[in-house]
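Residue numbers (the UniProt record's numbering): 1 to 385. Beta carbons: idealized from backbone N, C-alpha and C, even for Gly.
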Ligand code: NAD
Ligand code: MG
């Protein structure tokens, strides 16, 4: 039995991970589960899988969690430090499925103790990639990508000969607005933006998929996960989302990982690694799909992808500023305060106003994250409808 901690257990990725745990009795012992504020859902999940420890990030949810766990023998805790405690407890694997930079400290806590980390929380790598990688080198922690594209790349990548890789090609579904004009996007509602044509995911990543910021964050994520130069990263739009990404080698060979769009495939791969286990995912039927299409991304209609690409090239704190501004802008869009097209403007204006520079440690990352959130908040107020 391998011991696992699942951070962000009530979310889309967390729930799919728990589905795999339930389908494979005897494979994983759940050490800890965490959530932000939904104490009842967390307690139900903890009881169902027999977790030892359950923590909510929001201290106000502590009473509800204690009550919901009464008589279960499951330890309850609350607050951001309790989420880090869940990551520090002695598990073999930590699945980090918290959304946003809130996942940074807990992920780092798991990395620092040398755990195997199934990483879904891409924002952590975007805002603190070099800090996380330096900590992993020091502790011997292993990072296994859960994000479907990076999981595909991991599966196709020749880890013994990284120098033989010429290009990494990330595929992108194009999101719900792939064929929309900017004028049409200006009228887009939150429901429109969250209506992803292929994947069913949490609200924040769904909006990121509509702006293509998700692909921008994924470029930066790939830059930190794989030892390949920035100029060897590429994006191609592939509406069917069957090819999850590709690795091109110096001899011209291109290896791809294919599958139906079911996150349980990459989640199971990371959670069971180095074994492969069965999943209930629908099998790929290429004849039924008929055709696979590919097209170049459109930076004019989707400026977020360009902003992310530029931030990746700028390095230092630019990706952290980009990520923080995007989190603030997307939250404001979801709350109905700003329009869909305000998202890229808020991110661009924040990048233009917050001074960027090198980042060497966690405290510097957190300081820049805070400054960027404040600046993005000002931009939101200027545009609030
Ligand atoms: P979600 O919104 O469905 O769930 C997020 C989880 O994080 C919830 O359990 C929530 O309680 C917890 N959380 C949120 N804020 C928190 C805070 N401040 N402190 C502690 N916990 C907090 O998100 P999701 O779609 O499952 O995505 C999770 C991560 O995985 C994101 O980084 C996303 O980019 C990445 N990812 C998701 C998918 C997907 O299919 N959903 C695919 C690839 C990558
Ligand atoms: Mg992805």
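| Asked | Found |
| --- | --- |
| Cβ-Cβ distance between residue 119 and residue 104 below 9 Å | no |
| Given 8 Å, three or more beta-carbon pairs between the segment 72-90 and the segment 256-274 | no |
| The segment 283-290 contacting the segment 160-170, beta-carbon criterion three pairs below 8 Å | no |
| Residue 309 CB to nearest heavy atom of ligand 1 below 8 Å | no |
| heavy atom of ligand 2 below 8 Å from residue 206 C-beta | no |
| Reference residue 141, options 184, 158 and 95, closest by Cα | 95 |
| Residue 83: CB within 8 Å of a non-hydrogen atom of ligand 1 | yes |
| Beta carbon nearer than 6 Å to a non-hydrogen atom of ligand 2 | 147, 148, 149 and 218 |
| The segment 237-249 contacting the segment 42-53, beta-carbon criterion three pairs below 8 Å | no |
| Host beta strand (DSSP E) of residue 342 (start-end) | Careful: residue 342 lies outside any beta strand (DSSP E), inside the alpha helix (DSSP H) at 342-353. |
| Own chain partners of residue 198 with C-beta closer than 6 Å, once the 5 adjacent residues on each side are dropped | 173, 241 and 261 |
| Same chain, Cβ closer than 8 Å to residue 128, five either side skipped, listed in chain order | 104, 108, 320, 359, 362 and 365 |
| Proximity test, residue 279 beta-carbon vs ligand 1 heavy atom, cut-off 8 Å | no |
| C-beta neighbour in chain D for residue 234, strict 9 Å | Included in the structure is just one protein chain, with no chain D present. |
| Residue 234 in three-state terms, based on DSSP | strand |
| Start-to-end residues for the alpha helix (DSSP H) that takes in residue 178 | Careful: residue 178 lies outside any alpha helix (DSSP H) and carries neither H nor E. |
| Presumed contact (8 Å Cβ cut-off) between residue 55 and residue 77, rounded CB distance | 4 Å |
| Residue 29 (DSSP reduced to helix, strand or coil) | strand |
| Per-residue DSSP class, three states only, for residue 383 | helix |
| Stretch pair the segment 297-305 + the segment 33-47: three plus CB contacts closer than 8 Å | no |
| Residue 387 CB to nearest heavy atom of ligand 1 below 8 Å | Residue 387 is absent from the structure shown; the chain starts at 1 and stops at 385. |
| Residue of 345, 217, 21 and 377 minimising C-alpha distance to residue 149 | 217 |
| First through last residue of the alpha helix (DSSP H) which encompasses residue 46 | 39-49 |
| Cut-off 7 Å between Cβ atoms - residues of its own chain near residue 66, not counting five sequence neighbours on either side | 76 |
| Length of the line joining the Cα atoms of residue 292 and residue 244 | 12 Å |
| Neighbourhood of residue 342 by C-beta distance below 6 Å, restricted to the same chain and skipping five residues each side | 383 |
| Proximity of residue 37 and residue 61 at Cβ, strictly below 9 Å | yes |
| Cβ-based burial, residue 269 [other Cβ within 10 Å; buried from 16] | buried |
| For residue 257: DSSP bridge partner residues | 245 |
| heavy atom of ligand 1 below 8 Å from residue 80 C-beta | yes |
| Own chain, CB closer than 8 Å to residue 27, minus 5 neighbours either side, in chain order | 1, 2, 21, 272 and 277 |
| Check: residue 98 C-beta below 8 Å from any heavy atom of ligand 1 | yes |
| Proximity of residue 295 and residue 236 at Cβ, strictly below 9 Å | yes |
| Residue 327: CB within 8 Å of a non-hydrogen atom of ligand 1 | no |
| Integer Cβ distance of residue 223 from residue 209, believed to fall under 8 Å | That belief does not hold up - the Cβ atoms of residue 223 and residue 209 are roughly 19 Å apart, past 8 Å. |
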